[in-house]
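Chemist: Protein chains in written order, with full-length UniProt numbering: chain P, 1 to 142; chain W, 1 to 142.
Just so you know, even glycine gets a beta-carbon here, dropped at the ideal spot from N, CA and C.
These numbers come from a predicted model, not from an experiment.
The structure is given below, and queries will be raised subsequently.
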DNA sequence: TGCAACTTATTGTATAATACAACTATATAA
DNA sequence: TTATATAGTTGTATTATACAATAAGTTGCA
């Protein structure tokens with residue numbers, strides 16, 4: 001393997017993370033930031049989940065998720081459903097407005113990605129999605 | 001274009017940024033974090049630069065760069081060379097230990113990327129580097 | 001059954017990276 | 001020469017995060 005390829009990945013990754021971070025901290029569409037978005041994404045995919053499960057899925061500390069959940073609850077995007085089996089725990093359930101704003105934010109993000117890749121071939125987009133996913137999986141497992 | 005491809009890129013990008021962020025906030029190799037690394041990278045590529053130029057290249061506020069520079073100076077990684085043409089300004093110059101630790105950090109990052117992609121084909125690595133760079137360029141320009 | 005050990009979630013505290021605003025010193029242009 | 005612009009610093013605020021301590025509830029076992 002040529003080391004220069006790794007160097008390129010390594011550098012572009014550092015650049016990417018900082019650019020994307022700075023975009024998402026400026027471009028708050030509506031009320032959602034990236035963290036909130038990922039949390040709502042989990043709920044929209046898996047249905048109601050508790051703080052602990054979310055923390056595992058998101059690879060965050062439970063305290064962080066607890067605060068994110070509290071903030072989303074204050075905005076009316078989720079509400080807590082008591083878990084009758086384990087009375088320490090709740091399920092976080094998406095509200096209608098949470099679902100709506102999540103979808104709106106997602107749409108805005110998609111539009112942005114569409115613009116960013118409008119001169120790419122379909123194959124490049126597919127490759128990029130594929131490799132990003134593969135890379136994320138590697139981070140998780142290695 | 002199929003929307004599902006964009007959705008995949010969009011989601012994996014959000015995941016990536018958070019994972020990489022959380023890795024680099026934990027894995028501080030030596031004294032360097034990602035921000036410091038990117039700053040030193042600029043100096044190692046372009047030679048001595050002032051705070052303003054760095055801020056432009058890094059797409060950060062000058063105040064942010066000023067603080068990063070102060071922190072790197074305190075660690076002995078850079079020093080300020082007065083600009084005799086414009087006496088408001090300095091050039092930030094890498095020190096020997098700054099260069100050394102930068103290279104060491106870079107090596108550690110490369111090793112990490114090597115592990116993460118050890119079951120990839122060379123072509124996949126090349127594609128990934130290429131697409132990341134292309135994507136970063138798009139963010140900058142669009 | 002009742003206590004010890006564990007678990008879920010919250011809250012207190014700390015840190016890091018960032019931006020914006022106010023300021024100082026200097027440079028430039030009318 | 002005076003007004004405006006610029007380079008850099010510092011004060012302040014925000015956001016995302018982690019770790020530690022704690023409250024409330026659960027579980028396992030003697």
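Terminal residues of the continuous beta strand (DSSP E) containing residue 90 of chain P?
Modeler: 90-94 is the span of the beta strand (DSSP E), which, as asked, contains residue 90 of chain P.
Chemist: What does the Cβ neighbour count give for residue 52 of chain P, buried or exposed, with the cut at 16 atoms within 10 Å?
Modeler: Result: exposed.
Chemist: Since residue 79 of chain P is in the beta strand (DSSP E), which residue starts that stretch and which ends it?
Modeler: Run containing residue 79 of chain P: 78-82, per the beta strand (DSSP E) assignment.
Chemist: From which residue to which residue does the alpha helix (DSSP H) around residue 34 of chain P run?
Modeler: First-last of the alpha helix (DSSP H) with residue 34 of chain P: 34-46.
Chemist: Which residue comes first and which comes last in the alpha helix (DSSP H) that contains residue 53 of chain P?
Modeler: It spans 51-58 - the alpha helix (DSSP H) in which residue 53 of chain P sits, taken as one unbroken run.
Chemist: Just the C-alpha distance for residue 35 of chain P and residue 76 of chain P, rounded to the nearest angstrom, thanks.
Modeler: Residue 35 of chain P and residue 76 of chain P: Cα-Cα distance of roughly 16 Å.
Chemist: Shorter than 8 Å from the beta carbon of residue 124 of chain P to some beta carbon of chain W?
Modeler: Yes, because at least one Cβ of chain W sits closer than 8 Å to the Cβ of residue 124 of chain P.
Chemist: Against residue 14 of chain W, what residues of chain P qualify as contacts under a CB-to-CB distance less than 9 Å, listed in chain order?
Modeler: Result: 20, 24, 34, 37, 38, 41, 109.
Chemist: Out of curiosity, what's the CA-to-CA distance linking residue 7 of chain P and residue 110 of chain W?
Modeler: Rounded to whole angstroms, residue 7 of chain P to residue 110 of chain W spans 7 Å at the Cα level.
Chemist: Can you pull the chain P neighbours of residue 129 of chain W, defined as C-beta to C-beta under 7 Å?
Modeler: Per Cβ cutoff of 7 Å: 5, 8, 9, 12.
Chemist: Measure the beta-carbon distance from residue 133 of chain W to residue 12 of chain P and round it to whole angstroms, keeping in mind my assumption that it falls under 8 Å.
Modeler: Rounded, the Cβ-Cβ distance is 5 Å, consistent with contact.
Chemist: Whole angstroms is fine: what's the gap from residue 135 of chain P's alpha carbon to residue 114 of chain P's?
Modeler: If I take the Cα positions, the gap works out to 21 Å.
Chemist: Please classify residue 109 of chain P: does DSSP put it in a helix, a strand, or coil?
Modeler: Here residue 109 of chain P sits in helix by DSSP.
Chemist: Would you call residue 47 of chain P buried or exposed, if buried means 16 or more other Cβ atoms sit within 10 Å of its Cβ?
Modeler: Residue 47 of chain P is exposed by the Cβ-count criterion.
Chemist: Is the beta carbon of residue 139 of chain P less than 8 Å from the beta carbon of residue 131 of chain W?
Modeler: Cβ distance not < 8 Å, so residue 139 of chain P and residue 131 of chain W don't count as in contact.
Chemist: What does the alpha-carbon distance come out to for the pair residue 32 of chain W and residue 96 of chain P?
Modeler: The alpha-carbon atoms of residue 32 of chain W and residue 96 of chain P are separated by roughly 44 Å.
Chemist: Rounded to the nearest angstrom, how far is the Cβ of residue 17 of chain W from that of residue 21 of chain P, given a contact under 8 Å?
Modeler: Going by Cβ atoms, the distance from residue 17 of chain W to residue 21 of chain P rounds to 6 Å, so yes, they are a contact pair.
Chemist: Classify residue 10 of chain W as buried or exposed, calling it buried when 16 or more other Cβ atoms lie within 10 Å of its own Cβ.
Modeler: Residue 10 of chain W comes out buried.
Chemist: Taking Cβ to Cβ, would you say residue 92 of chain W is nearer than 8 Å to residue 80 of chain W?
Modeler: Yes, the pair counts as a contact, with Cβ atoms nearer than the cut-off.
Chemist: Note down, in chain order, every chain P residue with its Cβ under 8 Å from the Cβ of residue 57 of chain W.
Modeler: Simply none; closest approach about 10 Å.
Chemist: Can you tell me whether DSSP reads residue 62 of chain P as helix, strand or coil?
Modeler: Of the three classes helix, strand and coil, the one that applies to residue 62 of chain P here is helix, per DSSP.
Chemist: Under a three-way DSSP split, which group does residue 21 of chain P fall into?
Modeler: Of the three classes helix, strand and coil, the one that applies to residue 21 of chain P here is helix, per DSSP.
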